[in-house]
Structure formats: C-alpha cells, structure tokens
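Below is one structure, written out as structure tokens; the observations come after it.
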Amino acid sequence: MGSKLYAGNLAFETTAEDLTSAFEDYGYVVESALEKDKETDQSRGYGFVTMNSPQEAAAAISGLNGQEFRGKTLVVKTAK
Numbered sequence: 113m114g115s116k117l118y119a120g121n122l123a124f125e126t127t128a129e130d131l132t133s134a135f136e137d138y139g140y141v142v143e144s145a146l147e148k149d150k151e152t153d154q155s156r157g158y159g160f161v162t163m164n165s166p167q168e169a170a171a172a173i174s175g176l177n178g179q180e181f182r183g184k185t186l187v188v189k190t191a192k
C-alpha cells in the first residue's frame, strides 16, 4: 500500500498526467487522480497522488509544497 498525498491549488487545466510527471521526480507514483465536478466535469482544483512509500511521499511534500506549478502555488500534504 502506498502513501496518499493531497495536491491542492491546482490550475484547472492540470491533468492527472501533469501530476504524475511532477511527483515522479520524488519516487514511484502508484496513482494520480483529479477531483472533478460531476455535472460539469471541470477540475475542482485539487487531486490525490499515491506514492510508493512514506519516504517518497515525504520527499514529494518537501520538494513540491509551496512551489509554483502551472502558474499557481502548489499545496502538497498528507491526505486525511
């Protein structure tokens, strides 16, 4: 089982592939998914990324939280 992270403050154009690409610099990405509005299918501006291990998740938080990503300041933390 991996370590699930919350990725927030995403540009609406961000894709799951964009998330995977950003996070894979810190380890193996098991899964990435964006939350979308059920009626409009538009991104809600956040998603979840599952990293392979707690160490990789910690590296991703350290490396990405507060960084600019597609024109916005990324929020990355452990998912609740």
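Quick note: the sequence shown uses the working numbering, first residue 113, plus one each step.
Even glycine gets a Cβ: it sits at the ideal position worked out from N, Cα and C.
query                                                                                                                  : result
Rounded C-alpha distance that separates residue 170 from residue 153                                                   : 31 Å
Residue 149 versus residue 138 - alpha carbon distance                                                                 : 29 Å
Classification of residue 124 by the beta-carbon crowding that lies within 10 angstroms, buried from 16 upward         : exposed
Spatial neighbours of residue 176 in its chain, beta-carbon cut-off 6 Å, leaving aside the 5 residues before and after : 186, 188
Status (buried if at least 16 other CB within 10 Å, exposed otherwise) for residue 145                                 : exposed
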